[in-house]
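In order, the protein sequence lines correspond to chains A and B.
Just so we're aligned: the first sequence equals residues 0 to 82 in numbering that gives the first Met the number 0.
Just so we're aligned: the second sequence equals residues 0 to 327 in numbering that gives the first Met the number 0.
Ideal placement from N, C-alpha and C gives every residue a C-beta, glycine not left out.
Below you'll find the structure, written out as structure tokens, and then a few comments.
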Amino acid sequence: MSITTPAPAATADPYRDELGLAAPVPASHGQRRSPDEGFSTGPNVGERLPDFVLRSASGDLVDFHVDRGGAKAAVVFYRSAVW
Amino acid sequence: MTQLVELQNALAEFQAAGIKVYAISYDEVDALADFARHHGITYPLLADRGSKVIEQFGIRNHFVTEEQVPYYGIPFPGTYLVDEQGLVSAKFFQRNLAQRDSAEAVIDSALGRILLGEDEPRAEGGSDDFRITAAYHGGGGTIKAGALRQVVVRFDLVDGVHIYGDPVPEGMVATSIRVSGPPGFHAGAVSAPPTHAIRLPGVEADLPVWDGRVDFTIPVYVDDRIASLMAEAEHSEIEIQIEVAYQGCDVHSCRIPQQETITLRVPIAPHVGNELAGRLAGTVATTMPSRRFLVRQIVRGWVRSPVRGLRYLLGLWLDIRRGVAAAK
């Protein structure tokens with residue numbers, strides 16, 4: 000799903016992106032820069048999600064495919080919880 | 000990070016749909032523990048130190064260079080929905096890195112239908128035979144900066160009647176929906192479920208129709224004129240106008256074409272901005288994780304060189320000043 004509406008009256012402000020959103024780093028910074036078409040979004044629909052084992056906030060080691068125990072899962076990759 | 004809170008708010012719906020939730024970032028375990036405590040997060044926040052899993056998935060943001068501490072190692076943000084066998088059944092990535100699909104969009108995808116929340120803003124239209132419900136769907140029905148939401152226009156048609164998709168013969172009216180709002184409100188293209196074909200007496204061609212329950216969805220977002228990461232919102236709600244045109248028929252006869260405008264009032268969520276920026280700009284109360292982050296950055300910079308530490312602080316302050324100015 001993507002928004003096809005044109006961006007609002009564009010200002011030349013480097014801290015405002017093409018959707019009209021401001022943030023505390025310039026829109027051209029890698030952290031905010033929008034990937035060009037075809038950027039990698041990892042494993043494809045129909046593929047098995049790769050195995051991974053990571054420590055959780057509560058200190059436990061979580062082995063993803065074991066932990067979900069045959070249930071469906073949503074795996075969310077986000078930038079940071081601290082900024 | 001408000002996305003994590005949104006996921007928590009939708010956790011009961013995830014559980015009802017049989018979906019476990021996991022969130023992954025490159026943050027330290029103790030920072031995640033701070034965040035979980037502060038925001039009451041009960042699903043696993045996983046610490047991918049060194050971005051090994053992010054790298055393994057091939058989704059590291061390659062625009063960020065190693066010198067760009069602390070951003071180096073972040074992913075292109077996105078969500079995978081995994082089925083019982085562990086296979087990816089859907090994925091949600093946005094080209095604009097500020098935009099996120101709502102938790103509800105992920106749940107709908109797993110259910111194969113749209114589950115409107117009790118507390119999402121709604122408005123009614125239509126008639127007894129053609130009930131129309133317009134709803135603002137996603138994020139518990141609140142407006143937030145950068146978040147993708149949906150306007151859902153739901154037709155509940157009485158048995159035996161249908162409405163039309165395009166094309167229709169001359170003189171008949173196909174269903175159309177137009178969504179608009181105040182300056183700063185943006186609506187994308189209408190997406191509709193597939194039609195099926197019927198043939199009416201006296202009409203040569205097959206006609207594309209919908210019957211029963213039909214959900215039309217329109218992706219929407221607001222820009223900084225309505226809600227911003229960097230400033231308090233001026234208003235507490237917005238009004239969205241939904242113009243609907245349709246014509247209902249059964250196999251014997253057609254009704255008069257209908258046209259109406261439904262008004263949907265949607266609250267703007269209390270300001271949840273970039274915590275660190277908001278703190279320094281005085282618009283958001285800081286939390287432990289953001290304080291920890293700030294201290295970590297300063298210490299790191301100082302250890303390498305005091306000049307670098309000072310430059311970091313000055314740069315941060317300038318960036319925030321400019322970000323706040325851009326939001327006005």
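Spatial neighbours of V52(A) in its own chain (CB-CB distance under 8 angstroms, excluding positions within 5 residues in sequence) are listed in chain order as L60, V61, D62 and F63. Under DSSP, Y21(B) forms a beta bridge with V74(A). Assigned with DSSP and collapsed to three states, A326(B) falls in coil, not helix or strand. Contact between the region 0 to 13 of chain B and the region 117 to 131 of chain B is absent, with fewer than three C-beta pairs closer than 8 angstroms. Across the set P181(B), G211(B), G85(B) and P76(B), the C-alpha of P76(B) shows the shortest separation from the C-alpha of Q98(B). With 16 or more other Cβ atoms inside 10 Å of its own Cβ, T216(B) counts as buried. Proximity of chain A to Y245(B) at the Cβ level (cut-off 7 angstroms) is not reached, the minimal Cβ distance being about 23 angstroms. Listed along chain B are N95 and A97, each with a C-beta nearer than 8 angstroms to that of D16(A).
The secondary-structure analysis by DSSP pairs H28(A) with nothing; it has no beta-bridge partner.
Taking one beta carbon from each stretch, the region 52 to 66 of chain B and the region 107 to 118 of chain B have fewer than 3 pairs nearer than 8 angstroms; the two do not touch.
One finds nothing in chain A with a Cβ atom closer than 7 angstroms to the Cβ of P305(B); even the nearest lies about 22 angstroms away. Within chain A, the residues whose beta carbon sits less than 8 angstroms from that of I18(B) are A70, K71, A72 and A73, listed in sequence order. C-alpha of I58(B) to C-alpha of I267(B): approximately 32 angstroms in a straight line. Between the region 44 to 58 of chain A and the region 124 to 142 of chain B there are fewer than three inter-stretch CB-CB distances shorter than 8 angstroms, so the stretches are not counted as touching. Y79(B) sits away from D66(A), with the two beta carbons spaced by 9 angstroms or more. Taking the C-beta atoms as reference points, V74(A) is found nearer than 9 angstroms to L48(A).
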